[in-house]
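**Student:** Quick one: the structure is below, and I'll ask about it shortly.
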Amino acid sequence: MSDTPLIFIDVETTGTRATRDRITEIAALKVVDGYLTDRWVSLINPGISMPSHISQLTGIYDDMLIDAPSFQTIAQSLREWLGEDCLVAHNARFDASFLRNEFKRADITYQPLLRCTLRISRRLMPELPKHNLQALLAHFNIQQARQHRAEDDATALWQLWQAWQQQYDDASWQAALADEQRHRSLPAHLPSEQLTGLPASPGVYLFYGHNRLPLYVGKSINLRSRVLDHFQRDHQDDKEMRLAQQIQHIEWEETAGDLSAQLREAQLVKELMPIMNRQLRRQGHLKTWYWPTDQSCPTLVSGKAISQPQPGKLFGLFRSAKEAKDALRSIAEAHQLCPQELGLDKGTGRCFANQLGKCWGACCGQEPLESHTQRAQDALAAFQVKTWPWPGRIIIREKSRKNGPTSHHVVDHWCYLGSASTKQRALGLKGVAATFDVDTYRILNRFLREPERHNLTVSPL
């Protein structure tokens, strides 16, 4: 055993979000040369009410915290007591993230060296079905007075550490500690070997939780860098912390470039519905404003109109008719357009907006209707949906790296039909039915503005 001091620590909190929830109890046991030499134990007044489900879990209630010190009060003395010693905790990133954020609120920097007993357990005893603290204590027959109380958990953790040292020879023990440190930036439940071969190239990655529950789908032009970046910011970002706490499995797919990655990401999110992807989910029936060339006002139509040739212009993509009407009304007010002539209000003659001086009077002959139509279309120009510039389907060839893969994407009126590694195989996608998706439209529209810049070659099919 190294003579480096170790601090076995546990914190209880008001929740799981390190950036917003607060510490309610701290227990830290200082061990030097294998002997317990000092301890720090205190309830902490979080300054907020305890959620009832957390109180039921921990046994810590608001009335127990009224006279407890705030973290701000004990921050300086606790920081001095902790020094630069290594913290040992079960799922150490969780405890450390709360400590770092609490110290940050007190204008104190704290970036401790960590040892995670959850990761150590996975390396020492991979055959165990569970590695939570209660399961490990039961395995070693270690008795614990109370669960989810900081001092009892920290004490049990120290006993678990001693049990490991007694069971394993020094070489095995040191090898487990060394391996844990080599992968200390990884989530505790994620086997390090799953990152073997993760390339620094474009692609999509998939994070899974317990029982292969889809957690998150992402894309990047550098898979390795992006995936590892998720695990560096968990103490700063609640979403990253949730991922780090739940992730147990990673998969990835290498792609020909950024376009392939974005198309595949949008496709996978809609197929798998990962719980932490808010964007790119399946959307309802979208609406758009269709302005025929021979009409003086637009008509609200289905967003599917984008994938069909139209003798007019389309403006905006909206999740509902209400959202579309609210957007058009806002533009009308900003440009003093007539809501009656735009079809937003019913009636004939002078409109109410004109009576208030907020309409130039297309409704009552004060402004020529042609002038009003032109002003309205000019005001909507920034929202115009780009029409399909080709007569039919196209193939987009993508190859971003000399020795990387090549993809041929088949697209018809903004509808993505699929991809193939060769043009010949892509031709076989001709019979695929076209289905419009707004996310695919936005991705394709962005890349097809400057195809050469993205290493794309576009040709009619």
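If you count by my numbering, then the sequence shown holds residues 1151 to 1611, one letter each, in order.
Yeah, the Cβ is synthetic: ideal placement off N, Cα and C, and Gly gets one too.
(1) Which same chain residues, not among the five before or five after Asp1387, have their C-beta less than 8 Å away from its C-beta?
(2) Tell me the DSSP bridge mates of Val1182?
(3) Tell me which same chain residues have a C-beta within less than 7 Å of the C-beta of Arg1374, skipping the five on either side of it?
(4) Hey, Phe1357 and Gly1368: beta-carbon distance below 9 Å or not?
(5) Going along the chain, which unbroken runs of the beta strand (DSSP E) with 3 or more residues stay wholly within the stretch 1529–1591?
(6) Measure the Cβ-Cβ separation of His1563 and Glu1548 and say whether it is below 9 Å.
(7) I'd like to check one pair, Arg1243 with Cys1266: are the Cβ atoms closer than 9 Å?
(8) Three-state secondary structure (DSSP) at Glu1600?
(9) Figure out for me which residue from Leu1519, Thr1154 and Ala1512 has the closest Cα to the Cα of Asp1183.
(10) Is the beta carbon of Pro1424 closer than 9 Å to that of Pro1364?
(11) As a quick exercise: from His1298, Pro1601 and His1333, pick the residue whose alpha carbon is nearest that of Leu1689.
(12) Going by the CB atoms, is the gap between Gly1165 and Arg1296 shorter than 9 Å?
(13) Is DSSP giving Ser1152 helix, strand or coil here?
(14) Tell me which same chain residues have a C-beta within less than 8 Å of the C-beta of Asn1372, skipping the five on either side of it?
(15) How many Å lie between Glu1301 and Leu1186 at the Cα?
(16) From the DSSP output, read off the bridge partner residues of Val1419.
(17) Does the beta-carbon distance from Trp1538 to Ser1470 come in below 9 Å?
(18) Within 10 Å of its beta-carbon, does Pro1541 have 16 or more other beta-carbons around it, so buried, or fewer, so exposed?
(19) Given a threshold of 16 other Cβ atoms within 10 Å of its Cβ, counted over all protein chains shown, does His1360 qualify as buried or as exposed?
(20) Are there 16 or more other CB atoms within 10 angstroms of the CB of Arg1414, so buried, or fewer, so exposed?
**Tutor:** Answer, in terms of the structure:
(1) Thr1169, listed in sequence order.
(2) Tyr1185.
(3) Leu1348, Pro1349 and Ala1350
(4) yes
(5) 1544–1548, 1557–1562 and 1565–1570
(6) no
(7) yes
(8) coil
(9) Thr1154
(10) yes
(11) As displayed, the chain neither begins before 1151 nor continues past 1611, which places residue 1689 out of reach and without an answer.
(12) Taking a C-beta distance under 9 Å as the contact criterion, Arg1296 and Gly1165 do not qualify as a contact pair.
(13) Residue placement at Ser1152 is poorly supported in this model, since its pLDDT is 48, which falls under 50; the coordinates still yield a value, given next. It is coil, neither helix nor strand.
(14) Ala1350, Ser1351 and Pro1352
(15) Their Cα atoms are separated by approximately 13 Å.
(16) Its beta-bridge partners do not exist; DSSP assigns none.
(17) For the pair Trp1538 and Ser1470, the CB atoms are not nearer than the 9 Å cut-off.
(18) exposed
(19) exposed
(20) buried
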